Structure formats: C-alpha cells, structure tokens
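The block underneath contains the structure these notes are about, expressed in structure tokens.
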Amino acid sequence: MLATVVMFGILWAPITAVLGTLCSEIFNANVRYTGITLGYQIGAALAGGTAPLIATGLLAKYDGDWVPVAWYLGATVAISLTAIFFASRSKRQSAVVNAQTSQI
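Count the sequence shown with our numbering and you get residues 300 to 403, in order.
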C-alpha cells in the first residue's frame, strides 16, 4: 500500500506540474474557464469513467488474460500523446502568428 502511494505521488507530480500551464495556453482568456472545464471533465467522464468497464469486459472475454487490457491502455496512451502533441503544436503556430502581428 505504501509503495502504491509513493509511486502514485512520484508519477502524478510531473503531470499536475504542467497541466495548468498547458490548459491555460491552449485557450484564449475569454473562453479559458469553459474550455478547460469542458475538455477536462468530458474527457475524464468518457475515458476515465468507462476504462474500468472496458478492462473488466476484456478480462472476462479473454479468460483473465491481462494482455488485451495492456493493449487497451497502450491505445489510450497513444491517443493522449497524440492529442498533447497537436495541442502544443497548434499553440506554437498561433504564438508565431501573434508575434508576427504584433511586429506590424
């Protein structure tokens, strides 16, 4: 139990350290609160809320084999990393446009 708490603290700290900055950079100030709230809560409900059900279904279908669950988790990680890549890329592009506009 103690090892789980310690590892959760170590793994969760880097995520929460940059989450606020990433979310606030994605949205403009006039829609920031709504955008962050809707994106975070809908994502948590759809992905986090259904993950235990999907994992349980995979375990039941494959007679307790954990490999399909690992593939499912790997797919969710790939989707998350892709979304983060495109979110940061679109923000960089808009920052370049804003910098060029401010020079004029």
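Every residue, glycine too, gets a C-beta built ideally from N, C-alpha and C.
Because the structure is a prediction, the values reported are computed rather than measured.
Item                                                                                  : Value
From 381, 375 and 312, residue whose alpha carbon lies closest to that of residue 345 : 375
Helix, strand or coil at residue 330 [DSSP, three-state]                              : coil
C-alpha distance - residue 386 paired with residue 336, whole-angstrom precision      : 16 Å
Helix, strand or coil at residue 306 [DSSP, three-state]                              : helix
Boundaries (first-last residue) of the alpha helix (DSSP H) holding residue 354       : 348-360
Pair within 8 Å by beta-carbon distance, residue 353 and residue 371                  : yes
Alpha-carbon to alpha-carbon, residue 359 and residue 366                             : 12 Å
Length of the line joining the Cα atoms of residue 381 and residue 362                : 31 Å
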